[in-house]
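Numbering (my numbering), first residue to last: 10 to 130. A virtual CB, placed ideally from N, CA and C, is assigned to each residue, including glycine.
Written out as C-alpha cells, the structure is:
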C-alpha cells in the first residue's frame, strides 16, 4: 500500500510553483533545483545546524537552505540566509551576528537570477 505523496500545504505548493515559474522566466537553474528539493519528502529536506553553515561558507555570503535551519553551534561572519524555515535560536544568533534572515520567496524577489547564492543542504 502506497502512501499519499501529494503536498497539502497550500503555501508550500504556491512557493514551489513560483520557484518553477521564476526558473522558466529567467533561465536560472537554481530555482528549479530548490523547487525539486522542496517537492521531495519532508524527511529528505535539509536540516543543517549553524555550525555547518559556519564551516562551509565565508564572510557575507548569501546562503539558501531548502529546509529548516537549526540553531546548534555558533555563527561566524554575517551571512544572509534564506530558508523555508528557521528555528528561533538560529534566527536570533544570525541577527545578533549582523546577518539577515529571509524567506526563500524574499530571496527570489531580491535576486531573480540567483547569482551569488549557495545552496546548503
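Whether residue i touches residue j by CB criterion (7 Å)
i          : j           : result
residue 79 : residue 96  : yes
residue 88 : residue 66  : yes
residue 36 : residue 76  : no
residue 25 : residue 44  : yes
residue 86 : residue 104 : no
Residue range of the beta strand (DSSP E) that includes residue i
i           : result
residue 73  : 71-78
residue 89  : 89-95
residue 128 : 126-128
Whole-angstrom C-beta distance between residue j and residue i, which should lie under 8 Å
i           : j           : result
residue 84  : residue 108 : 7 Å
residue 117 : residue 31  : 6 Å
N-terminal and C-terminal residue of the alpha helix (DSSP H) that residue i is part of
i           : result
residue 61  : 59-65
residue 114 : 113-119
DSSP state of residue i mapped onto helix, strand, coil
i           : result
residue 44  : helix
residue 49  : coil
residue 106 : coil
residue 37  : coil
C-alpha distance - residue i paired with residue j, whole-angstrom precision
i           : j           : result
residue 47  : residue 40  : 11 Å
residue 71  : residue 128 : 9 Å
residue 121 : residue 114 : 10 Å
residue 18  : residue 51  : 12 Å
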